[in-house]
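Here is the structure we will look at, set down as structure tokens.
Numbering (this note's numbering), first residue to last: 10 to 378.
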């Protein structure tokens with residue numbers, strides 16, 4: 010199968026360094042921020058990205074799955090934004106189309122890609138084990154594109170999906186996807202994108218580029234949102250952050266790393282209480298009036314971000330929103346990406362599938378009432 014290997018274009022002021030290297034530091038261009046050696050910000054504002062993959066993203070994951078087909082497309086031509094699309098190889102029984110899982114990867118809004126081997130392996134298994142069409146969408150990264158650029162790209166992808174649903178431009182996708190059963194999922198920073206898309210949709214601002222609401226011909230119906238280990242922040246530390254919660258095997262997160270992600274990704278001068286970071290910050294929208302579709306929140310017990318995710322689910326429930334919380338007590342942040350083939354990952358995907366099935370049943374029951 011043909012695969013488009015296009016890479017995002019680099020904006021002005023950005024250079025690409027050789028693996029693990031950086032320009033020699035001088036008083037004019039010393040390194041002021043460093044994200045795992047993958048992204049370095051110099052004092053003159055230059056951003057240096059290494060083309061090498063991270064050491065915590067092995068290249069040994071399988072590229073293909075016997076029961077899944079996949080290919081790439083460009084959904085945002087202006088910024089060369091990619092989507093990897095996965096679908097079950099076999100047609101569903103009875104000709105019934107498959108639900109759609111829109112997935113946004115993590116990486117603190119600064120790193121990550123839908124083309125990384127571990128993200129690809131997880132999406133392969135997600136499609137295989139759920140029988141769903143999985144659309145793994147990329148987005149612009151900070152610090153070249155500070156927030157809310159990533160959220161805006163998420164909204165742009167949803168507009169692209171609506172365009173696909175109302176045309177026959179890509180039969181590979183439209184013949185398999187049930188656009189009436191769409192779920193928005195995300196991992197870490199991608200889960201934060203999913204939250205903000207839910208809020209935008211829930212207050213009626215899911216609009217097209219012209220600022221007009223989607224018309225009656227819109228065939229895309231979002232049934233729910235899945236937030237996998239969401240990446241939220243705040244100025245006031247949570248207990249799991251204060252205790253430097255044991256990160257667990259394979260985790261590369263620390264409180265310093267989390268803070269660094271926010272410094273590099275938020276608008277210049279913003280604190281971690283910025284609305285994009287903190288859903289309950291002083292300037293964040295009040296969520297009680299937002300019309301939320303069902304939300305599944307998944308947390309890991311050994312995650313520094315655990316308490317923020319648990320608190321998020323609890324506060325949604327307190328204002329009457331349909332939310333479900335699932336915790337993997339002995340797991341670290343990103344456990345399903347470090348070991349996509351593990352039993353824990355399988356359990357996670359089964360939880361996602363149960364959520365998808367329950368939302369579809371609930372919608373059917375509501376329609377019949």
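No residue lacks a Cβ here, since even glycine has one placed at the ideal position from N, Cα and C.
Supposed close pair residue i, residue j - CB separation, criterion 8 Å
i: residue 236; j: residue 198; result: About 11 Å separates the two Cβ atoms, so there is no contact after all.
i: residue 269; j: residue 42; result: 6 Å
i: residue 304; j: residue 243; result: The Cβ separation is near 19 Å, so there is no contact.
i: residue 80; j: residue 185; result: Incorrect: roughly 12 Å between the Cβ atoms, too far for contact.
i: residue 135; j: residue 358; result: 6 Å
C-alpha distance - residue i paired with residue j, whole-angstrom precision
i: residue 365; j: residue 85; result: 28 Å
i: residue 314; j: residue 334; result: 14 Å
i: residue 339; j: residue 59; result: 33 Å
i: residue 329; j: residue 297; result: 8 Å
i: residue 120; j: residue 149; result: 10 Å
i: residue 348; j: residue 354; result: 7 Å
i: residue 293; j: residue 325; result: 14 Å
i: residue 208; j: residue 285; result: 11 Å
i: residue 56; j: residue 245; result: 29 Å
i: residue 367; j: residue 109; result: 15 Å
i: residue 76; j: residue 281; result: 43 Å
i: residue 183; j: residue 240; result: 32 Å
i: residue 321; j: residue 146; result: 24 Å
i: residue 228; j: residue 124; result: 28 Å
i: residue 96; j: residue 104; result: 14 Å
Residue i burial status per 10 Å Cβ neighbour count (16 or more: buried)
i: residue 164; result: buried
i: residue 181; result: exposed
i: residue 127; result: buried
i: residue 318; result: buried
i: residue 73; result: exposed
i: residue 225; result: Residue placement at residue 225 is flagged as unreliable, the pLDDT there being 44, under the threshold of 50; a coordinate-derived value is accordingly withheld.
Cβ pair residue i, residue j closer than 9 Å
i: residue 201; j: residue 289; result: no
i: residue 70; j: residue 141; result: no
i: residue 1; j: residue 190; result: With the chain running from 10 to 378 in the structure shown, residue 1 is simply not present.
i: residue 167; j: residue 143; result: no
i: residue 82; j: residue 179; result: yes
i: residue 211; j: residue 344; result: no
Cutoff 9 Å: residue i Cβ touching any chain B Cβ
i: residue 124; result: No chain B appears in this structure, which consists of one protein chain only.
Q) Are the segment 294–314 and the segment 87–103 in contact at 8 Å, needing three or more beta carbon pairs? A) no
Q. Are there three or more Cβ pairs, one per stretch, closer than 8 Å when the segment 143–162 is compared with the segment 110–124?
A. yes
Q) Would you call the segment 261–275 and the segment 40–53 touching, i.e. three or more CB-CB distances under 8 Å? A) yes
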